[in-house]
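**Q**
Numbering (my numbering), first residue to last: 14 to 766.
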């Protein structure tokens with residue numbers, strides 16, 4: 014019976030029930046459920062209702078209506094939605110998120126609001142002897158709640174005395190700027206002391222020097238700069254410019270070797286540890302700034318992003334969603350000037366009363382020794398941290414630890430699998446989010462390789478869109494009505510998150526134009542507003558999100574920006590280079606291959622043909638890179654390159670004609686069937702299935718391995734099979750393409766001018 018016949022039969026059945034005087038709503042409800050859910054689970058629900066007949070009898074209709082409902086469920090075709098099997102996990106995470114959000118709203122609507130510093134003070138009074146911080150660096154020490162609170166109180170009184178009435182809460186303006194190396198207990202005491210006064214604080218990367226450091230300090234708007242004595246040279250380079258702006262500078266030490274710079278150490282030792290009145294922060298509101306964290310600067314110079322008290326509590330609440338309790342011990346190697354290190358790390362532990370073990374820097378050789386020594390149960394990571402751990406020599410005690418949970422972001426699928434196979438079944442909670450963003454995603458089901466998961470419930474609470482975008486402008490593509498065009502399941506799209514009253518985009522400190530540049534209007538309907546994350550993600554049919562690319566990465570075309578373009582197993586990667594942001598210069602010189610002799614290994618089963626160096630010798634001097642646009646031989650399309658981060662190992666590229674987008678790096682991102690490689694002058698940059706002979710013209714060929722010097726190059730595409738995983742006898746790798754098998758040579762290095 015076809016679908017039309019089934020529907021006609023069901024309609025007649027409903028009319029019959031109605032004509033007999035019996036209620037027809039059970040069958041109608043079953044029909045609606047079947048259409049909405051498209052799943053045979055409705056039959057299970059109906060079966061449970063029948064079993065509960067003694068209790069439901071007084072409210073249930075006649076048995077014939079129940080039979081009609083069962084028949085309705087049976088006759089309609091069952092097409093379970095792909096994400097239905099994750100419904101229990103979706104509901105569990107949804108309820109946890111709602112509970113966390115309601116708790117935050119209740120806390121911040123009190124007068125005065127109950128902020129993170131109030132929670133810290135309550136725990137310090139209730140459990141003064143509880144261990145809260147363990148410092149593993151030089152002069153290892155353990156700090157209790159009571160000791161940390163005393164440090165914070167002394168810091169508050171010192172800063173209040175130093176600055177007097179000039180110190181206080183100012184909307185959108187930080188009071189102090191902290192430039193301190195790594196994690197230190199004095200730095201945290203100073204930060205908490207300023208928080209007791211209601212003063213927002215900006216944290217800055219201590220590795221900055223010269224003009225970038227001046228920009229960071231001045232863009233913060235802070236009137237006080239506190240510097241670690243070990244950063245004396247960094248400070249003295251820029252001190253005249255800071256003094257010209259009336260910025261007061263202090264060393265967090267007992268003496269100052271620099272004229273015009275004070276020292277806070279002696280005053281902190283002598284200050285009283287009396288409690289600081291909460292009235293000093295009575296003016297704090299839900300959206301008042303609590304912290305200023307600098308962005309990474311991928312789209313320009315770093316900007317101080319505003320973290321409100323509401324946003325800080327939302328981020329710090331992630332540990333609760335992950336199942337972390339007060340009995341856990343968290344280990345963090347991430348810096349305090351980063352949101353994950355300060356807010357998700359230290360502040361979350363202060364909120365929950367969890368012991369936080371802080372290391373001065375990441376050490377792959379000492380990581381597991383620290384975990385075993387301090388009984389660590391939860392670790393924080395960024396993707397490369399776990400990769401470095403997997404690259405260490407195997408040891409018999411690799412699984413001898415108490416770590417049960419890893420929380421972080423940026424973990425690649427192959428590293429995920431290798432990490433769990435080697436170090437045990439550690440649960441991994443991968444998350445995606447931006448410091449200044451208003452929406453984040455969490456991979457709560459634990460799908461390997463996914464950066465997060467969404468569902469219909471979460472999307473109603475925090476709307477977002479993945480839309481088509483232009484390679485040329487890096488802006489969303491509009492339809493005839495002027496609205497953005499959503500992408501399909503599995504297709505990469507630009508992530509836009511809707512700006513609502515309950516999830517605002519606060520933006521950056523400074524000119525309003527910096528914040529307005531990140532907003533997109535009329536995305537799905539007139540006058541709606543979305544935040545442009547600049548990230549390209551893809552979402553599959555089950556709601557899992559995968560990171561694909563980052564738009565607008567800065568390319569230092571006039572500085573020295575080094576990196577590697579990793580070869581392509583489906584083509585002959587024997588020529589190379591980078592791309593500058595300069596239009597009109599349509600050439601790229603040859604970049605020499607890295608000299609042999611290094612040890613090479615495959616990067617993983619996900620892409621067996623991609624080689625990664627274990628020990629690479631210093632590359633020879635390489636020529637300059639000055640090209641950006643490459644013209645297709647057919648159709649006039651252009652292959653446009655987009656940026657290479659300093660020290661990175663990727664090059665973003667794309668075709669303005671057909672929209673194909675790809676990345677060259679160790680972990681070659683799959684983009685349909687197309688893969689790219691560099692070829693010599695005269696090559697036809699086209700997506701047509703052309704013979705291999707047409708892809709190389711003059712000066713040598715991939716087969717003989719010769720490398721022409723000083724020739725122009727163009728981009729070309731060839732359709733490749735998947736996966737390319739057959740090693741060749743010549744030391745490289747081959748892949749069966751439409752054009753035949755071509756050898757893959759080692760990667761190439763380049764610098765830009």
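We put the beta carbon where it would ideally sit given N, CA and C, even for glycine. Bear in mind that the values here come from a model prediction, so they are computed numbers and not experimental data.
(1) To the nearest whole angstrom, what separates the beta carbons of residue 507 and residue 536, a pair I think is in contact under 8 Å?
(2) Please report the distance separating the alpha-carbon of residue 192 from that of residue 133.
(3) In angstroms, rounded to a whole number, what distance separates the CA positions of residue 244 and residue 372?
(4) Kindly identify the DSSP beta-bridge partner or partners of residue 442.
(5) Does the separation of the CB atoms of residue 519 and residue 294 fall below 9 Å?
(6) Is DSSP giving residue 314 helix, strand or coil here?
(7) Quick check: the segment 381-399 against the segment 335-352, are there 3 or more CB pairs under 8 Å?
(8) Name the one or two DSSP bridge partners that residue 345 has.
(9) Buried or exposed, going by whether 16 or more other CB atoms sit within 10 Å of the CB of residue 456?
(10) Quick one: grab the DSSP three-state call for residue 212.
(11) Let me check understanding here. Comparing Cα to Cα, which of 409, 282, 550 and 492 lies closest to residue 538?
(12) Per the contact definition of three or more C-beta pairs closer than 8 Å, is the segment 274-289 in contact with the segment 98-105?
(13) On the DSSP bridge assignment, give the partners of residue 219 in chain order.
(14) Could you give the distance in angstroms between the alpha-carbon of residue 564 and the alpha-carbon of residue 555?
(15) Just reading off the beta strand (DSSP E) that residue 306 is part of, what are its end residues?
(16) Let's see if you can read the secondary structure: which residues bound the alpha helix (DSSP H) around residue 135?
(17) Any idea if residue 267 is buried or exposed, counting beta-carbon neighbours within 10 angstroms, 16 or more meaning buried?
(18) Would you mind listing the alpha helix (DSSP H) stretches within the segment 485-559 that are 4+ residues and don't spill past its ends, in chain order?
(19) Determine, for residue 563, whether the minimum Cβ-Cβ distance to residues of chain B falls below 9 Å.
(20) Residue 431 lies in the alpha helix (DSSP H); which residues open and close that run?
(21) Taking a contact to mean a Cβ-Cβ separation below 9 Å, would you say residue 798 touches residue 109 in this structure?
(22) Over the uninterrupted beta strand (DSSP E) stretch that includes residue 262, give me the two end residues.
(23) Please work out which residues of its chain come closer than 7 Å, Cβ to Cβ, to residue 495, disregarding the five sequence neighbours upstream and downstream, and give them in chain order.
(24) Mapping the DSSP letters down to three states, classify residue 191 as helix, strand or coil.
(25) Rounding to the nearest angstrom, what Cα-Cα distance links residue 159 and residue 141 in this structure?
(26) Whole-angstrom Cβ separation of residue 213 and residue 304, contact assumed at under 8 Å?
(27) Label residue 437 either buried or exposed according to how many other C-beta atoms from any shown protein chain fall within 10 Å of its C-beta, with 16 as the threshold for buried.
(28) Excluding the 5 residues preceding and the 5 following residue 527 in the sequence, name in chain order all residues of the same chain whose CB lies nearer than 8 Å to its CB.
(29) Helix, strand or coil for residue 236, going by three-state DSSP, please let me know.
(30) Taking just the CA atoms, how far does residue 326 sit from residue 487?
(31) Residue 281 to residue 376, Cα distance in whole Å?
(32) Can you grab the Cα-Cα spacing for the pair residue 96 / residue 552, in whole Å?
(33) Does DSSP classify residue 156 as helix, strand or coil?
(34) Would you kindly check if the distance between the Cβ of residue 139 and the Cβ of residue 284 is under 9 Å?
(35) Residue 292: which of 540, 124 and 524 sits nearest, CA to CA?
(36) Figure out for me which residue from 423, 406 and 413 has the closest Cα to the Cα of residue 393.
**A** Inspection of the coordinates gives the following:
(1) Their Cβ separation, rounded to whole angstroms, is 10 Å, which puts residue 507 and residue 536 out of contact at 8 Å.
(2) Each residue's Cα considered, the two are about 23 Å apart.
(3) Using only the alpha carbons, I get a separation of about 19 Å.
(4) In the DSSP assignment, the residues bridged to residue 442 are 420.
(5) At least 9 Å separates the beta-carbon of residue 519 from that of residue 294.
(6) Three-state result, residue 314: coil.
(7) Touching, per the Cβ criterion.
(8) 371.
(9) Answer is buried; the Cβ neighbour count reaches 16.
(10) The answer is coil: DSSP assigns residue 212 none of H, G, I, E or B.
(11) Comparing Cα-Cα distances from residue 538 to each of 409, 282, 550 and 492, the minimum goes to 492.
(12) Judged by Cβ distances under 8 Å, the segment 98-105 makes no contact with the segment 274-289, as fewer than three pairs qualify.
(13) According to DSSP, residue 219 bridges with nothing at all.
(14) In a straight line, the C-alpha of residue 564 is about 25 Å away from that of residue 555.
(15) Per DSSP, the continuous beta strand (DSSP E) segment holding residue 306 begins and ends at 302-307.
(16) Residue 135 -> alpha helix (DSSP H) spans 129-139.
(17) Residue 267 comes out exposed.
(18) As far as the segment 485-559 is concerned, its whole alpha helix (DSSP H) runs of at least 4 residues are 525-529.
(19) In summary, chain B is missing from the structure at hand, where a single protein chain is found.
(20) Looking at the DSSP string, the run of the alpha helix (DSSP H) that includes residue 431 is 426-436.
(21) Since the first residue shown for the chain is 14 and the last is 766, residue 798 is missing from the structure and cannot be characterised.
(22) DSSP places residue 262 in the uninterrupted beta strand (DSSP E) bounded by 261-264.
(23) Once the five neighbours on either side are set aside, the close Cβ partners of residue 495 are 535.
(24) In the structure shown, residue 191 sits in a strand (DSSP, three-state: E or B).
(25) Inter-residue distance for residue 159 and residue 141 is about 4 Å (C-alpha atoms, whole angstroms).
(26) Between residue 213 and residue 304 the beta-carbon gap is near 6 Å, inside 8 Å, which marks them as a contact.
(27) Around the Cβ of residue 437, a 10 Å sphere holds fewer than 16 other Cβ atoms; the residue is exposed.
(28) Hits under 8 Å: 316, 520 and 521.
(29) For residue 236, the secondary structure class from DSSP, reduced to helix, strand or coil, is coil.
(30) Taking the straight line from one Cα to the other gives about 33 Å.
(31) Distance between the alpha carbons of residue 281 and residue 376 is about 32 Å.
(32) Taking the straight line joining both Cα atoms gives about 12 Å.
(33) Residue 156: strand per DSSP, three-state reduction.
(34) Not a contact, by the Cβ cut-off of 9 Å.
(35) With distances taken between Cα atoms, residue 292 lies closest to 124.
(36) Selected option, being the one with the closest Cα: 423.
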